[in-house]
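Working notes, beginning with the structure itself.
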Amino acid sequence: MVFQLPVSRILLLLTLFLAASCSQYEKLLKSDDFQRQMDAAYEYYEDEDWVRAATLIERVLPIYQGTRRAPELSFMLANCYYRRGDYILAGHHFDRFVRDYPQDENAQEAMFMRAYCNYMLSPRPSLDQTPTRRAIDQFTLFINRYPDSDKVAEARDLIAELRNKLLEKSFLSARLYYDMGDYRAAIIAFKNSLIDFPETRHREEIMFLILKSSFLLADNSVPDRQLERFQNTVDEYYAFIEEYPDSRYRNEADGFLSSSLRVLDNYPANDLTLDY
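The numbers in the working numbering rise by one with no breaks, and the one at position 134 of the sequence shown is 134.
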């Protein structure tokens, strides 16, 4: 016959065990026995109790600075924060490890993890992309520092993913100017986006929106500015159809050309510098 404890008894035993464990941990924190604290930190680390391990490492690390234990404890501390999902603190400690122990056996992994923490902090494209740019820079440094690492391929894939996020951010920011009716700013932002990300999947749409913004800017300008701006619209039209002659935007683009030429036909010939 198998003897089974009642559920209430099991819960009571678990409660007593946890209480005793917490009591021992609290006493350990108040102790001045740093060797014991360090030993316990290793035990908690092995048990994946990242909170207690990190707390104890923070207490003993200043004591062991300058000793052979310091690099290992520093790396463990960074990893504790990473395992807890605290990527800001983890990134800080991995960065510190890279700077303090560049020749350590864990320096390569720390350098990769420093970048990876910023990758994890990278937000959706509509938000500030500072962590994204920082991650790209740090992954690039990692590749240059450790070109033979088995993590180079992963780093390159992550850079491509992050770069695509910057691409989307660039497009969304330019599109915002367009949606707000600030066509001059939209033209500048769209052109900068093409310079920074010529491979963008939005290239056709961006070139069309440059043309459309150019036309709308001219159409809403005072008469003294319209000549130059409608001439710019004609230039943007030919740049667009040269690259995308069969574009889905072709009919609308042709309409901008026709409207621009009708306006320009009202100017004296010697005022025009068109080439069409």
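In this text, a Cβ means the ideal position worked out from N, Cα and C, and glycines have one as well.
| Item | Value |
| --- | --- |
| As assigned by DSSP and simplified to three states, the class of Asp219 | helix |
| Limits of the unbroken alpha helix (DSSP H) element including His93 | 87–100 |
| Alpha helix (DSSP H) segment containing Ser259, residue limits | 250–264 |
| Delimiting residues of the alpha helix (DSSP H) encompassing Leu73 | 69–83 |
| Beta-carbon contacts of Ser122 that lie in its chain and below 8 Å, excluding the five residues immediately before and after | Gln129, Pro131, Thr132, Ala135, Leu162, Lys165 |
| Contact check, Ser214 vs Thr233, beta carbons under 8 Å | yes |
| Phe3 (DSSP reduced to helix, strand or coil) | At Phe3, the pLDDT of 48 sits below 50, so the modelled position is not reliable and the matter cannot be decided from this model. |
| Closer than 7 Å: Ile63 CB and nearest the ligand ATP heavy atom | No copy of the ligand ATP occurs in the structure displayed, which carries no ligand at all. |
| At least 3 beta-carbon pairs within less than 8 Å: the segment 144–159 vs the segment 167–185 | no |
| Distance, Ala107 Cα to Ser23 Cα | 37 Å |
| Helix, strand or coil at Phe197 according to DSSP, with G and I counted as helix | coil |
| Residue environment, Ile187, which counts as buried when at least 16 other CB atoms sit within 10 Å | buried |
| Contact between the segment 237–257 and the segment 205–220 (3+ Cβ pairs under 8 Å) | yes |
| Alpha carbon of Glu109 to alpha carbon of Pro102, nearest angstrom | 11 Å |
| Rounded straight-line distance, which links the Cα of Ser170 to that of Leu127 | 11 Å |
| Where the alpha helix (DSSP H) containing Asp157 begins and where it ends | 152–179 |
| Contact set for Ile210: own chain, Cβ-Cβ below 7 Å, skip 5 residues either direction | Ile187, Phe190, Lys191, Glu236 |
| Test item: CB-CB of Val51 and Arg84 under 8 Å | yes |
| Chain-order list of residues whose beta-carbon lies under 6 Å from that of Ile63 (same chain, five-residue window excluded) | Phe34 |
| Collapsed DSSP secondary structure at Ser23 in the structure displayed | helix |
| Same chain, Cβ closer than 6 Å to Tyr267, five either side skipped, listed in chain order | Leu227 |
| Local Cβ density within 10 Å of Ser277, reported as buried at 16 or more and exposed below that | The requested residue 277 does not occur in the structure, where the chain is confined to residues 1 to 276. |
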